[in-house]
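Notes follow the structure.
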Amino acid sequence: MGNKYYKKYIRDLINQDPTEATIIRQVKTPDGYGGHTLTPVTITHTIRLYDARRTRETITDAGKSYTSTIGTKALAEGSADLQEGDQVEAKGKTYRVAHLNNYFDICKQAELEAIK
Numbered sequence: 064m065g066n067k068y069y070k071k072y073i074r075d076l077i078n079q080d081p082t083e084a085t086i087i088r089q090v091k092t093p094d095g096y097g098g099h100t101l102t103p104v105t106i107t108h109t110i111r112l113y114d115a116r117r118t119r120e121t122i123t124d125a126g127k128s129y130t131s132t133i134g135t136k137a138l139a140e141g142s143a144d145l146q147e148g149d150q151v152e153a154k155g156k157t158y159r160v161a162h163l164n165n166y167f168d169i170c171k172q173a174e175l176e177a178i179k
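Residue numbers (the working numbering): 64 to 179.
Structure representation (structure tokens):
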């Protein structure tokens, strides 16, 4: 079947509940004096927001423990310009991309942390 089938499948999933998201990235630009300035860059993408269960593993002296919570995730096409640390504004809320998985340039799945 190839990647075309999976890319179309992801596109159809996103189009079931599309969300226009504004992505704000702080880009470092040299200031010419050995330092840098942060310049915000704004990008707009169509993504899908959904709630999913997250499991975190914590290792302590006593052993391993697991914590399960429900968090917000985002699904985007593989060509989406999305990176860890980006700020995502969608549906009146502001999130930060905490973890990003890129699946063979077919899609990107991001774990989001709520800021506002």
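All C-beta atoms, glycine included, are put in the ideal place defined by N, C-alpha and C.
Worksheet item: Quick one: what's got a C-beta closer than 8 Å to Ser-142's C-beta in the same chain, skipping five residues either side?
Response: Residue 142 sits at position 79 when you count from the first residue of the sequence shown. Excluding residues within five positions, the ones whose Cβ falls inside 8 Å are Asp-168.
Worksheet item: Closest to Thr-118 by CA distance: which of Ile-133, Thr-102, Thr-109 is it?
Response: The count along the sequence shown starts at 1 and reaches residue 118 at position 55. Ranking Ile-133, Thr-102, Thr-109 by CA distance to the CA of Thr-118 puts Ile-133 first.
Fill in: Whole-Å CB distance - Ile-77 paired with Arg-111, under 8 Å assumed
In the sequence shown, counting from the first residue as 1, residue 77 sits at position 14. In the sequence shown, counting from the first residue as 1, residue 111 sits at position 48. Rounded, the Cβ-Cβ distance is 5 Å, consistent with contact.
Worksheet item: Is Glu-140 near His-162, with beta carbons less than 8 Å apart?
Response: Numbered from 1 along the sequence shown, position 77 holds the residue referred to as residue 140. Numbered from 1 along the sequence shown, position 99 holds the residue referred to as residue 162. Taking a C-beta distance under 8 Å as the contact criterion, Glu-140 and His-162 do not qualify as a contact pair.
Practice prompt. Assign Leu-101 to one of two classes, buried (16 or more other C-beta atoms within 10 Å of its C-beta) or exposed (fewer than that).
Written response: Your numbering for residue 101 matches position 38 in the sequence shown. Counting Cβ neighbours within 10 Å, Leu-101 comes out exposed, since fewer than 16 surround it.
Discussion item. Using DSSP's beta-bridge definition, name the partner residues of Leu-101.
Written reply: Position 38 of the sequence shown, counted from the first residue, corresponds to residue 101. Paired residues: Lys-91.
Item to complete: My understanding is that Glu-83 touches Thr-107, with C-beta atoms under 8 Å, so please give their C-beta distance in whole angstroms.
Response: Reading the sequence shown from its first residue, position 20 is the one you call residue 83. Reading the sequence shown from its first residue, position 44 is the one you call residue 107. Indeed, because the Cβ distance is near 7 Å, the residues count as touching under 8 Å.
Worksheet item: Between the C-alpha atoms of Asn-165 and Gly-98, what's the straight-line distance to the nearest angstrom?
Response: Sequence index remark: in the sequence shown, residue 165 carries index 102 (1-based). Sequence index remark: in the sequence shown, residue 98 carries index 35 (1-based). Going from the Cα of Asn-165 to the Cα of Gly-98 covers about 32 Å.
Item to complete: Count the other CB atoms, across all protein chains shown, that sit within 10 Å of the CB of Tyr-68; report buried if there are 16 or more and exposed otherwise.
Response: Residue 68 sits at position 5 when you count from the first residue of the sequence shown. Its Cβ having fewer than 16 others within 10 Å, Tyr-68 is exposed.
Item to complete: State the Cα-Cα distance for the pair Thr-130 and Leu-175, rounded to the nearest angstrom.
Response: Numbered from its first residue, the sequence shown carries residue 130 at position 67. Numbered from its first residue, the sequence shown carries residue 175 at position 112. Cα-Cα distance, rounded: 17 Å.
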